[in-house]
Amino acid sequence: MENEISEKATAIRLNQLTVAYEAQPVLWDISFSIPKGTLTAVVGPNGAGKSTLIKSLINLIKPIAGEVEFTFDQSTEEDYRKNKNLVAYVPQNGSVDWDFPTTVLDVVVMGRYGHIGWFKRPKKKDKSLANEMLAKVGMADFKDRQISQLSGGQRQRVFLARALVQEAEIYLMDEPFQGVDAQTEKIIIQLLKELKSEGKTIVVVHHDLQTVPEYFDEVVLINRELIGNGPIETTFTKELIAKTYRQNQAKPWEEE
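Residue numbering for the sequence shown follows UniProt numbering, beginning at 1 and increasing consecutively.
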């Protein structure tokens, strides 16, 4: 395993993280760190545990062992436990019930509930911010449309807008480019690079190997265990990519 240590401050640190479904490990003994202010790709074959990794960072799936630690610029770990707004999560397109009867604007305003509380009415500034972010992702004209009436790419833009209004420090995104058109992909990567320029940390599950060097600064290569992590230049190599995608790779829990 190859592990590059960055001189930058750390935003996310994993220590011996293991995740299992019905006692069968899906991720095994994962340890790495992600530098602050970087755009990081999580790369691996189907079934490698990429989505599971992202979900386990925010306890949507509870690890059976190991630790996840976040470090924030203006906040403490205790602040995060009290206020989850510091980490924004964009789920996979296919994992959302799009038949839920709600408008595009209402979906985006949901990103403000952590600030205003679930049982309080959004204020004018919350709706104003939601409209601003919808305009930023090119969806202002669709704000009154039912979310179920949108295309896959349009829905992905709406969920990105919802994450943006959260005003988080760390953004976790599960396959945001999956099933979207070229224009939507261009808009998304432009916004992610803007977030990075603002000092935000973005972690993206990504499947298109060809665009990894163009889009990202850092990469995490996994296939149920960590294969390598670090800067694109030193980690996204032919050797490590081949190792990541090698079939029938022996796992520690499968050895006799």
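Each residue gets a CB set at the ideal place from its N, CA and C atoms; glycine is no exception.
Check: Contacting residues, own chain, Cβ-Cβ under 6 Å from F159 (five flanking each side not counted); Outcome: V90
Check: Per DSSP, the bridge partner or partners of T201; Outcome: I170
Check: Other residues of its chain near residue 263: CB distance less than 7 Å, five sequence neighbours each side excluded; Outcome: Only positions 1 to 256 of the chain appear in this structure, which leaves residue 263 out of reach.
Check: Cut-off 8 Å between Cβ atoms - residues of its own chain near T71, not counting five sequence neighbours on either side; Outcome: A9, T10, A11, I12, R13, K36 and E77
Check: Cα-Cα separation, L240 to G49; Outcome: 17 Å
Check: L129 versus S51 - alpha carbon distance; Outcome: 29 Å
Check: Supposed contact pair Q156 and N93 - C-beta distance, whole angstroms, cut 8 Å; Outcome: 6 Å
Check: Three-way DSSP call (helix, strand, coil) for R13 in this model; Outcome: strand
Check: Through-space distance from Q154 to A140, alpha-carbon basis; Outcome: 11 Å
Check: CB contact flag (K196, L86, <7 Å); Outcome: no
Check: C-alpha distance - K193 paired with D126, whole-angstrom precision; Outcome: 24 Å
Check: C-beta atoms of P122 and V107 nearer than 7 Å; Outcome: no
Check: Endpoints, the alpha helix (DSSP H) within which A242 is located; Outcome: K238 to Y245
Check: Opening and closing residue of the beta strand (DSSP E) in which N229 lies; Outcome: L226 to P231
Check: Rounded C-alpha distance that separates A161 from F216; Outcome: 21 Å
Check: Cβ-based burial, P112 [other Cβ within 10 Å; buried from 16]; Outcome: First, the amino acid is wrong: residue 112 is Arg here, not Pro. It counts as buried.
Check: Per DSSP, cross-strand counterpart(s) of E218; Outcome: T40 and P231
Check: Residues near L222 by beta carbon distance below 8 Å, same chain, minus five either side; Outcome: According to the sequence displayed, residue 222 carries Ile and not Leu. If we look at I222 and ignore the five residues flanking it on each side, its Cβ neighbours are L27, I30, V42, V43, G44, A48, G49, K50, L53 and T244.
Check: Alpha carbon of N170 to alpha carbon of E132, nearest angstrom; Outcome: According to the sequence shown, residue 170 is Ile rather than Asn. Their backbone Cα atoms lie some 20 Å apart in a straight line.
Check: Sequence-distant residues of its chain with Cβ nearer than 7 Å to I58 (five each side left out); Outcome: V87, Y89 and L172
Check: Distance, T235 Cα to T103 Cα; Outcome: 42 Å
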